[in-house]
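In what follows, a single structure is set out as structure tokens and then discussed.
Numbering (our numbering), first residue to last: 183 to 283.
Encoded structure:
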């Protein structure tokens, strides 16, 4: 997260990142891609942003970015050892309010 990129940007939907009613669409990527995307559209068809999952074995991140590719939040492993646990636990970081929020 880079909070300087989104600190002075107002979330577009009354303080929310996505509208109450939205359409989700899986973006088709090459089979060799390590990243998956789910595009988010408003009901009038406007592209609102996308959720992503980057999976590089020990490096896994989930997040949401707007159409300008500004990352608003990310979820990642909280510690190095959490990568090896049976259950998956992530720490969520909201980029527009800084780390640990």
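Every residue, glycine too, gets a C-beta built ideally from N, C-alpha and C.
DSSP-derived helix/strand/coil call for residue 190
Counting from 1 along the chain shown, the entry for residue 190 is found at position 8. Here residue 190 sits in coil by DSSP.
Please report the residue range of the beta strand (DSSP E) in which residue 184 lies.
Working through the chain shown from its first residue, we reach residue 184 at position 2. Looking at the DSSP string, residue 184 is not in any beta strand (DSSP E), and its letter there is neither H nor E.
Would you kindly work out how many angstroms separate the C-alpha atoms of residue 278 and residue 188, rounded to a whole number?
Taking the first residue of the chain shown as 1, we reach residue 278 at position 96. Taking the first residue of the chain shown as 1, we reach residue 188 at position 6. Near 5 Å, if we compare the C-alpha coordinates of residue 188 and residue 278.
Exposed or buried, what is residue 184 when buried is set at 16 or more other beta-carbons lying within 10 Å of its beta-carbon?
Stepping through the chain shown from its first residue, residue 184 is reached at position 2. Flag for residue 184 reads exposed.
Who are the Cβ neighbours of residue 260 in its own chain at under 6 Å, not counting the five residues just before and after it?
Locating residue 260 in the chain shown gives position 78, where the first residue counts as 1. So the qualifying residues of the chain are 273.
Supposed contact pair residue 209 and residue 226 - C-beta distance, whole angstroms, cut 8 Å:
For this step, residue 226 is matched to residue 44 along the chain shown. For this step, residue 209 is matched to residue 27 along the chain shown. The pair is not a contact, with the Cβ atoms about 20 Å apart (cut-off 8 Å).
Would you mind giving the Cβ-Cβ distance between residue 237 and residue 254, rounded to the nearest angstrom? I have them listed as a contact below 8 Å.
On the chain shown, residue 237 is found 55 positions in, with the first residue counted as 1. On the chain shown, residue 254 is found 72 positions in, with the first residue counted as 1. Not really, about 20 Å apart at Cβ, beyond 8 Å.
With DSSP as the reference, please indicate the residues paired to residue 224 in a beta bridge.
On the chain shown, position 42 is the one that residue 224 refers to. Partner(s): 204.
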